[in-house]
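Read the structure below first, then the notes.
In this note's numbering, the protein residues as written are 3 to 366.
Structural data, given as structure tokens:
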């Protein structure tokens, strides 16, 4: 047998959660099914399950005696990593990718192609059936492999207990107002060309990291556009949360620092040191904190224990970091966050929290 087509998929309900994979081998014209493979793999992440699906598909192709293999998957991460365009950094992925590469080396040619989910429906169905089995199973014939098992959780040096909800906090890219250093709250300026390049660079960084369960964004266009770049790489939709809006600067919207200070000198001076003070017709930082606390609780309740990409603005991101650090209001005035920078905050089910990264721009 000369050439076959392998379609593979994997998924997890909870990420990590009950997981499974599916793979199907077609003839070269995709007219006949030559082999099917599927299995539940216990508790694992989406990315682990997708790699397991690829390994199963390549193994089946080898058993059929195929010489050339066209691999089609809707996982951008796996396709880009196996094609050598993205680095593999996550420790859970390294042994799985090595096994897939070892199998691929047994063929004269292997080509990896990303396809939309709708074009991977056969493997997706097999994976979902396997996940149904993983979710309902109470015992298994053998324990999950060390590659698919989640890392052990312990209180650690922070004292926090449980699996945290990890928020990858990404600030949007550059806009015309940020170039001119103007207050930009509820207005909706688009990204500049540089801002779009920053969004693409951040998307590549997030894609290489992988293991993201959801992309959540502010509804404002500059954040949505930044989020959509990452979502396209991850193969995920963008979920909008209105609570991630930037501060409402009221009458100061579109003004420079100097123009706002000249317009309302006393109010502006007090606003710079008192989080309860509102810009004229706007919103105080205390009010921002109130809605961001609700956002945090919403995301932890909806995606507890998962990794989320949260795309927002400078004040909401500072506020989430402030809450994770249990820091005072001075943090809002002293912490600098660059455009398209990445920070990471974790929120634990017992109420603990930690900050792992602040204002990382190494991808730019």
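We put the beta carbon where it would ideally sit given N, CA and C, even for glycine.
Problem - Secondary structure of residue 210, DSSP reduced to three states - result: helix
Exercise for the section: Measure the CB-CB distance between residue 10 and residue 125 and report whether it falls below 7 Å. Expected result: yes
Exercise for the section: To the nearest angstrom, report how far apart residue 6 and residue 30 are at their CA atoms. Expected result: 5 Å
Handout entry: Residues bridged to residue 346 (per DSSP)
Key = 170, 359
Exercise for the section: Starting from the N-terminal side, write out each stretch of the beta strand (DSSP E) that is 3 residues or longer and does not extend beyond the stretch 21-105. Expected result: 35-46, 70-75
Problem - Whole-angstrom distance between residue 208 and residue 63, CA atom to CA atom - result: 31 Å
Handout entry: C-alpha distance - residue 150 paired with residue 205, whole-angstrom precision
Key = With a pLDDT of only 35 at residue 150, under the threshold of 50, the placement of this residue in the model should not be trusted; the figure read from the coordinates follows. Answer to the nearest angstrom: the Cα atoms are 25 Å apart.
Problem - Contact set for residue 233: own chain, Cβ-Cβ below 6 Å, skip 5 residues either direction - result: 217, 240
Problem - Local conformation of residue 308 per DSSP, three classes - result: coil
Practice task
Would you mind giving the Cβ-Cβ distance between residue 167 and residue 194, rounded to the nearest angstrom? I have them listed as a contact below 8 Å.
Solution key: That pair is no contact at about 32 Å.
Exercise for the section: Could you tell me whether the stretch 43-51 touches the stretch 12-28, where touching means 3 or more Cβ pairs closer than 8 Å? Expected result: yes
Exercise for the section: Determine the DSSP secondary structure at residue 352, reduced to helix, strand or coil. Expected result: coil
Handout entry: residue 109 in three-state terms, based on DSSP
Key = coil
Exercise for the section: Check whether the stretch 316-326 touches the stretch 56-75, taking contact to mean three or more Cβ pairs, one atom from each stretch, closer than 8 Å. Expected result: no
Exercise for the section: Quick one: grab the DSSP three-state call for residue 215. Expected result: coil
Problem - residue 380 versus 338, 298, 23, 340, residue with shortest Cα-Cα distance - result: Given a span of 3 to 366 for the chain in the structure shown, any question on residue 380 remains unanswerable.
Handout entry: Cβ-based neighbour list, residue 308, same chain, cut-off 6 Å, excluding 5 preceding and 5 following
Key = 17, 215
Exercise for the section: Indicate whether residue 313 and residue 228 have their beta-carbon atoms separated by less than 7 Å. Expected result: yes
Exercise for the section: Please determine if the stretch 250-268 and the stretch 169-184 are in contact, where contact requires at least 3 C-beta pairs separated by less than 8 Å. Expected result: yes
Problem - Candidates 61, 128, 34, of which the one nearest residue 108 by Cα - result: 61
Problem - Buried versus exposed call for residue 338 [16 or more other C-beta atoms within 10 Å across all chains shown] - result: exposed
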